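Participant:
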Amino acid sequence: MAIKQHSFKADSSKPDEKMINDFLEGKPTQYHIIEAMKIYVRIENAKQAAIEKMIANMQTGLFAQPSEQPPQVAPKSNDSIKDFDL
1 MAIKQHSFKA DSSKPDEKMI NDFLEGKPTQ YHIIEAMKIY VRIENAKQAA
51 IEKMIANMQT GLFAQPSEQP PQVAPKSNDS IKDFDL
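Numbering (the UniProt record's numbering), first residue to last: 1 to 86.
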């Protein structure tokens, strides 16, 4: 497999791919390296978006807030097991 100068151009209208082009400018690369970098950037951006969404949800109170009431005890069913003391 021959290595040649960076001649594979990603779509520069997308900021992620423009960043990859700028990083690889003048460096010897192969096509699969660029594709791997695109996937890596997409994964990292998805992680960051998920973290930001989780933080926003926590700040808006979508997660359950602890209440000051004690937890409700489920009513006992009338079965054949009787309580006993040791």
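The C-beta atom is built at its ideal place from N, Cα and C for all residues, glycine as well.
This structure is a prediction, so every number in the text was calculated from the model and none was measured.
Around the C-beta of Ile55, are 16 or more other C-beta atoms found within 10 angstroms, so that it is buried, or is it exposed?
Facilitator: Start at 1 with the first residue of the sequence shown, and residue 55 comes out as number 55. Looking at its Cβ environment, which holds fewer than 16 other Cβ atoms inside 10 Å, Ile55 is exposed.
Participant: By Cβ distance, which residues of its chain are closer than 7 Å to Met37, with the 5 residues on each side in sequence left out?
Facilitator: If you number the sequence shown from 1, residue 37 lands on position 37. Within the same chain, Met37 has close Cβ partners Ile20.
Participant: For Glu35, collect the residues of the same chain with a Cβ closer than 6 Å to its Cβ; drop the 5 residues on either side in sequence, then sort them by chain order.
Facilitator: Here residue 35 refers to the residue found at position 35 of the sequence shown. Contacts found: none.
Participant: Within this structure, are the beta carbons of Val41 and Asp22 separated by less than 8 Å?
Facilitator: The sequence position of residue 41 within the sequence shown is 41, counting from 1. The sequence position of residue 22 within the sequence shown is 22, counting from 1. Not closer than 8 Å, so no.
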